[in-house]
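Report on one structure; see the data block that follows.
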Amino acid sequence: MISTKMLMKAERFFIKARTLIREAILSAELTGAEFVPYVQPVYKAEKIVGGEVLLRVFKDGVLHSPEKYLSAMESCEVINDVTCSLVSEVTSFFEGYTGTLPNDFYISFNICARQLNSSRVIEAVTDFHKKFEGQISLVLEIVERGTAALNDFSLETMQHLTDTGVQFAIDDFGSGSSCIKYVEHVGFSKIKLDKCLTIACEGSLVYPSIIDAIISLSHKLGIQVIAEGVETWEQLNLLNAKGIKVYQGYISSRPMSLNEFCQKILTNYLQ
Ligand code: C2E
Ligand code: CA
Ligand code: CA
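Numbering-wise, the sequence shown is residues 40 to 310 according to my numbering.
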């Protein structure tokens with residue numbers, strides 16, 4: 040007769056085996072690959088107010104979007120290597136630009152909730168925050184679907200980082216399931232409206248009532264709303280009319296290298 044204890048042991052064994060297989064496949068796929076930080080500018084009216092760091096995987100001479108690797112990366116330690124490497128590259132790059140950046144400028148990194156349990160990720164972001172304090176604000180973006188994975192330990196870490204001045208954004212808001220309760224109390228200071236909600240068609244936003252509800256929630260909680268995936272003037276004007284002034288999207292800039300990004304800020308700043 041198989042006992043519950045034996046079944047649980049077998050289950051743990053299979054989970055561990057599956058993780059090891061995934062890690063082996065991923066490390067084979069990533070052999071010779073480099074993690075490169077790309078940045079997409081975030082605008083308020085015509086001015087750049089920040090930039091979102093987006094991973095590119097450079098392999099066989101080509102830059103790839105991370106999407107095909109992300110779920111495997113996020114299920115193992117590799118994602119922490121990725122984040123630490125991006126934070127370190129962005130830090131070295133901006134060291135050469137301090138004093139030349141606009142006021143109230145911010146840089147955001149994408150992390151998954153589980154990474155709040157990684158001491159080296161916390162150390163890397165804390166170092167970034169300390170190094171650029173007063174010059175570049177640090178924002179950490181956590182995807183909405185990941186909020187369900189926030190546990191007591193990660194919530195405590197978030198609280199600690201928030202107390203030191205690090206900000207949090209809830210990413211892809213409106214795109215999937217979430218622990219919406221965390222928008223209140225937990226210290227999110229930005230909501231990033233997913234691109235599926237910012238679409239417009241024949242002169243109107245497709246989801247005006249949902250956007251109104253999110254704006255009203257954001258006013259109540261003192262949270263900033265950022266529109267994502269803005270591709271057309273029609274979209275931008277309709278979102279502006281609703282009072283959403285901060286946005287990112289192909290209409291103004293695609294993600295670009297750090298060099299191109301800094302050139303763009305400096306030109307934009309001098310206009
Ligand atoms: P995201 O955080 O929602 O980032 C926005 C994605 O939308 C980016 O895709 C960007 O290139 C794309 N995008 C920006 N503007 C527009 C637009 O106007 N129209 C359309 N159709 N798309 C637009 P990308 O760079 O392929 O990144 C995909 C996702 O990968 C990101 O979605 C983010 O969730 C994740 N990701 C990127 N870098 C990292 C990272 O360092 N760590 C983690 N954990 N996830 C990352
Ligand atoms: Ca993001
Ligand atoms: Ca997003």
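Positions of the beta carbon are idealized from the N, C-alpha and C atoms, including for glycine. Keep in mind it's a predicted model, so treat the numbers as computed, not measured.
- Taking C-beta separations shorter than 7 Å and ignoring five residues to either side along the sequence, the partners of Y286 in its chain run Y82, I265, A266, V269, L275 and L278, following chain order.
- Taken from the Cβ of D210, at least one heavy atom of ligand 1 lies inside 7 Å.
- Under DSSP, the beta-bridge partners assigned to M295 are V78.
- Contact between P76 and V129 holds, with the beta-carbon distance rounding to 5 Å and staying under 8 Å.
- Within the DSSP secondary-structure output, Q263 pairs in a beta bridge with K229.
- In the DSSP assignment, S147 forms a beta bridge with E91 and V178.
- Runs of alpha helix (DSSP H) with 4 or more residues, each lying fully within the stretch 122-174, are found at 158-170, listed in chain order.
- By the CB criterion at 8 Å, I175 and L125 fall outside the cutoff.
- N190 sits exposed, since fewer than 16 C-beta atoms from the chains shown fall within 10 Å of its C-beta.
- Annotation for E134 indicates a beta carbon at 7 Å or more from all heavy atoms of ligand 2.
- Look at E183: its beta carbon is at least 7 Å from all of the heavy atoms in ligand 2.
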